Every structure is written in C-alpha cells, then in structure tokens.
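J.: Take a look at the following structure, please.
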Ligand SMILES: Cc1ncc(COP(=O)(O)O)c(C=O)c1O
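This is the structure in structure tokens:
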C-alpha cells in the first residue's frame, strides 16, 4: 500500500482506507491493479462507467490517430469523428428519431444543457413563462448548481441551497419506503400521478419539462419504477405539453439490458442525456440528444446551444465510437440480457442476510440496501458510516463495490460490473458482499 495522505492528490481525502491508502496503477478487463500488485475485481465498473472493461488497445489507437491527425476543432465544425459518433448514436442506440445531438464533457454538463435546451425550446415556441423543470426526489443529475437544484441528492446539495433556483420535485418511485405509505399495485402509482398535482400547483404555464432517470441510479440504488409509472408520467407530460427529459447518463448503453433504459417501457422522450457508458471510461464525454422539433424550433427563433471549449473533442468522439463498436461487435448488451437475470438471482440470495432489506435492479445495475432492523426498516445512524465500511470490507476481499444513497437515504451498495464479468466473478462479488455486510453490521 502506498499512503498518499501527504501528497497533493486528492484535494481533500475521502476519509476511507479504500481511497486514502490504495493507489491504482493500471487496469485490465474487470480488474483494477494496485501499486502493491493486488488485483481488485471492479464490481461497479468505476462509477458505473466501464461497460466494456478497461485497457482496450484498439480504443487507445483510434484516439491516438485522431490526436495526431486533427487534435482539435472548434465544436461547431463537423469532423469525421463527430459525424461518425452522432450517426452511431442515432442509428444504433437512441429510440425513435433523435437527430439533434450536442456533445459535452460530463453528465452534469449535459444534464444542465438539457435543461437549457428545454427552456430555449419553450422560448422559441413563444412560451416565455415556462421555465420550471420538475425533478425527482432521491435522484442525481449532476453537481452544477442547476443540476443539483433539479436532482434530489440531499448531501450533495447541502449548503448550496441559497445559491440555487428552487425547482419542484416529484416523489421518488421508492417502493420499499413508499413516500405515500402505499403498496403497488393498489397504490395506482401515486408517485407518478403526483406529477399532475405538482404541475397544477406550480401553474401549468410555468413548467417547461419533467427531468428524471428512467431507473434511478446510485443515489436511490437502482430504483426500478413499478408497472404503470412511466405510462402515467408520459400521459401527464403530453396533456400539459411539457417536455420529458430522460437522464440516461448511468442507465444508457446496455447497462439495464436495453440500449437505453427508456426502451423497457418503449418511451420516446423529447430529450435524452447520455454519458458514462457512451465512452466507457476511455474519454470524458457526454451528450444530449433531442427529437427534431427542438432544434427546428430553436433554429427558427435564432437560438442555438452554447458549446464548451472541449465539447465533442475529436479524439474523444473517436474513442467513444470505438467503445460503441465493441459493445456491438461483442454483443455485450445481449450478454447483459442473458446474464443480468443470473446476476440478480445471485444477489437476491443476500436477502437471507439479516441486514439486507432489499436487493433490486435490472440488467447489470443492482443495489443492496442495508438496514439495522429488517422489520421496521430502521437505518443505521448516519455517523456509523456503514456504506463506506462495507465498501472497505469488500475491497479487503479484493472486490470493489460502489457507495450509493443521498445521505438521507443511505447504506446502499451498488453492484454494476463491466459487461464482461463471468458467472464465477459474480459469485465472488456476492460472497464478498455477504461476508462484508455480516462483518460490519454485526459489530455495530
Ligand atoms: C444519473 C446521473 N446523472 C448525471 C450524473 C453526473 O455525471 P458526471 O459525474 O459525469 O458529471 C451522474 C453521475 O454519477 C449520474 O449517475
């Protein structure tokens, strides 16, 4: 182990032995390699990023060629790399017709850009009063001020509230702890119908869009909406003529077993936000995709999205195109479809652990929710730091699992491995988690 507490990185240590003591010096396939030679199975593909796994030479090669051949071009220029990636996205990955593509550098930037596009669209249509974006509780759309405001991540928002524009929030579809104390299906998806009440309360002519993750990622821990949720939301959005923005930063590109998570419900949102798996960790890239009516209306009104200096960097676009080609060529989304149910079945065996309240998810996106008392669902106190302790304990067993929750909602461990993991590796993840949960929770 190489202690880095005295080094200049990180800015402020996360106060966990995992980050404070380990140095990751290389990675290959589904493994992280530490400075002292340990091989740690990456059970969350980094921050749910590395769908194709790490260390692919052919991705590095195309990026290197582009760096030498072109290096940089101002974002509004067409380049072969940008055109190829945009074409791949619209042809192979996005639902319906989504010809409006803009590239950004992170999921946060792209989500914020999606909000600006929704606002610009409403202005272009002459509806100046529509500016509110309805977000959702227990969610995460990024760390810019606007995305923190729309998202529902209490601990990341804390302290910044006076600096941000408050936005309305619809309830999370969090069946284990239903915000209405109801049970599906007799609840009639009250969490979805509540969107209508919110729009009425806010004033329908003030609302521009509803913005949510189709399946809540790490903040809620793979909250899969129950049947009827998305059809109700779509119906409300249509009736009030508000845009639907799907944040697929974490769920896109096969993570949940479909190209996009919206495909599980055959949804065709007006705007889709892409990131993470699009470039699989090989480039710092994100994108916004829209249906034709948005760029058409904006162009007619003389409005355009502002670009960022490095948006759609050619080498990054080339790397992302290669990542998507690999997903396709190696049929990795099909692999998730085939093996996702097995991963789910193996993880669900953890339900017999006395501290596991829930195991939920879809495809290769799962979460385990830990509680002090399974009958009452009482959580461990926040200052017990259970999530980080469990992560440390799985890493001690050479398996990296990823912390989730929002602070208020907590002790959620995410499992979202690269699509290349084997069934034996899945078994290792499950047994490391089982032992870690028992070790940490029974000593409280
Ligand atoms: C659903 C979702 N949206 C947006 C973001 C923000 O992306 P980034 O960290 O690339 O800014 C994340 C990151 O975890 C995410 O999970």
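In the working numbering, the protein residues as written are 379 to 822. A virtual CB, placed ideally from N, CA and C, is assigned to each residue, including glycine. It should be emphasised that the depicted structure is a prediction, and the values quoted were computed from it without experimental measurement.
Thinking C-alpha only, which one of 789, 811, 746, 710 is nearest residue 799?
T.: In the chain shown, the residue the question calls residue 799 occupies position 421. For residue 799, the nearest C-alpha among the options comes from 710.
J.: What three-state label does DSSP hand residue 536 in the structure shown?
T.: As a position in the chain shown, residue 536 is number 158, starting the count at 1. Coil.
J.: How is the beta strand (DSSP E) around residue 332 delimited, first residue to last?
T.: The shown model of the chain, from 379 to 822, leaves out residue 332, and the question about it has no answer.
J.: Check for me: the alpha helix (DSSP H) holding residue 497 runs from which residue to which?
T.: Reading the chain shown from its first residue, position 119 is the one you call residue 497. First-last of the alpha helix (DSSP H) with residue 497: 485-502.
J.: How long is the line joining the alpha carbons of residue 453 and residue 459, rounded to whole angstroms?
T.: Translated into positions along the chain shown, residue 453 becomes position 75. Translated into positions along the chain shown, residue 459 becomes position 81. Approximately 12 Å, taken between the alpha carbons.
J.: State the start and end residues of the unbroken beta strand (DSSP E) segment that holds residue 792.
T.: For the purposes of this step, residue 792 is taken as residue 414 along the chain shown, with counting starting at 1. Here the beta strand (DSSP E) through residue 792 covers 790-793.
J.: Considering just the uninterrupted stretch of the beta strand (DSSP E) at residue 440, what are its terminal residues?
T.: In the chain shown, counting from the first residue as 1, residue 440 sits at position 62. Residue 440 -> not in any beta strand (DSSP E); alpha helix (DSSP H) instead, spanning 435-447.
J.: Do residue 408 and residue 419 come within 8 Å of each other at the CB atom, strictly closer than that value?
T.: Here the question's residue 419 lines up with position 41 in the chain shown. Here the question's residue 408 lines up with position 30 in the chain shown. Yes, Cβ-Cβ distance for residue 419 and residue 408 is below 8 Å.
J.: Should residue 379 be labelled buried (16 or more other beta-carbon atoms within 10 Å of its own) or exposed?
T.: As a working note, residue 379 is residue 1 in the chain shown. Because residue 379 sits at a pLDDT of 49, beneath the cut-off of 50, its placement in the model cannot be relied upon, and the following sentence gives the value as read from the coordinates. Exposed, since its Cβ has fewer than 16 Cβ neighbours within 10 Å.
J.: Quick one: does the C-beta of residue 591 sit closer than 7 Å to a heavy atom of ligand 1?
T.: Against the chain shown, residue 591 aligns to sequence position 213. It does: the Cβ of residue 591 is within 7 Å (strictly closer) of some heavy atom of ligand 1.
J.: Find the nearest neighbour of residue 413 within the set 576, 406, 402, judged by alpha-carbon distance.
T.: Locating residue 413 in the chain shown gives position 35, counting from the first residue. Here the closest residue by C-alpha is 402.
J.: By Cβ distance below 6 Å, which residues in the same chain neighbour residue 642 in space, the five residues on each side in sequence not counted?
T.: By one-based count along the chain shown, residue 642 stands at place 264. Within the same chain, residue 642 has close Cβ partners 636.
J.: Using the Cα positions of residue 725 and residue 808, report the straight-line distance between them to the nearest angstrom.
T.: On the chain shown, position 347 is the one that residue 725 refers to. On the chain shown, position 430 is the one that residue 808 refers to. Their Cα atoms are separated by approximately 6 Å.
J.: Between residue 628 and ligand 1, is there a pair consisting of the residue's CB and a ligand heavy atom that are separated by less than 7 Å?
T.: Looking up residue 628 in the chain shown gives position 250. Yes, since a heavy atom of ligand 1 falls inside the 7 Å radius drawn around the Cβ of residue 628.
J.: Compute the Euclidean distance between the alpha carbons of residue 754 and residue 734, then round it to the nearest angstrom.
T.: Counting from 1 along the chain shown, the entry for residue 754 is found at position 376. Counting from 1 along the chain shown, the entry for residue 734 is found at position 356. Their Cα atoms are separated by approximately 12 Å.
J.: What residue range does the beta strand (DSSP E) around residue 818 cover?
T.: In the chain shown, counting from the first residue as 1, residue 818 sits at position 440. Residue 818 -> not in any beta strand (DSSP E); alpha helix (DSSP H) instead, spanning 801-819.
J.: Is there contact here, the region 488-505 with the region 739-755, by at least three beta-carbon pairs under 8 Å?
T.: The answer is no - the region 739-755 does not touch the region 488-505, with fewer than three Cβ pairs under 8 Å.
J.: What is the C-beta distance between residue 426 and residue 628, in whole angstroms, given that I count them as a contact (C-beta under 8 Å)?
T.: Position 48 of the chain shown, counted from the start, is the residue given in the question as residue 426. Position 250 of the chain shown, counted from the start, is the residue given in the question as residue 628. About 5 Å; that satisfies the 8 Å criterion.
J.: Would you report the Cα separation of residue 849 and residue 518, rounded to the nearest angstrom?
T.: One cannot answer for residue 849 here, as it falls past the ends of the chain, which runs 379 to 822.
J.: Quick one, are the C-beta atoms of residue 780 and residue 596 less than 8 Å apart?
T.: As a first step, residue 780 is located in the chain shown; it is residue number 402 there, counting from the start. As a first step, residue 596 is located in the chain shown; it is residue number 218 there, counting from the start. Taking 8 Å as the Cβ cut-off, residue 780 and residue 596 qualify as a contacting pair.
J.: Can at least three beta-carbon pairs, one atom from the region 432-442 and one from the region 669-676, be found at a separation below 8 Å?
T.: No, because fewer than three Cβ pairs between the region 432-442 and the region 669-676 fall closer than 8 Å, the two stretches do not touch.
J.: Taking 7 Å as the line, does the beta carbon of residue 518 fall inside it for any heavy atom of ligand 1?
T.: Position 140 of the chain shown, counted from the start, is the residue given in the question as residue 518. Yes, since a heavy atom of ligand 1 falls inside the 7 Å radius drawn around the Cβ of residue 518.
J.: Smallest Cα separation from residue 784: which of 532, 393, 387?
T.: For the purposes of this step, residue 784 is identified with residue 406 of the chain shown, where counting begins at 1. Nearest C-alpha to residue 784: 532.
J.: Suppose only complete runs of 4+ residues qualify. What are the alpha helix (DSSP H) ranges in the region 723-779, listed by chain order?
T.: Taking only runs of at least 4 residues, the alpha helix (DSSP H) segments lying wholly in the region 723-779 are 764-774.
J.: Can you tell which of 471, 796, 776, 539 has the C-alpha that lies nearest to the C-alpha of residue 813?
T.: Along the chain shown, one-based indexing puts residue 813 at 435. Nearest C-alpha to residue 813: 776.
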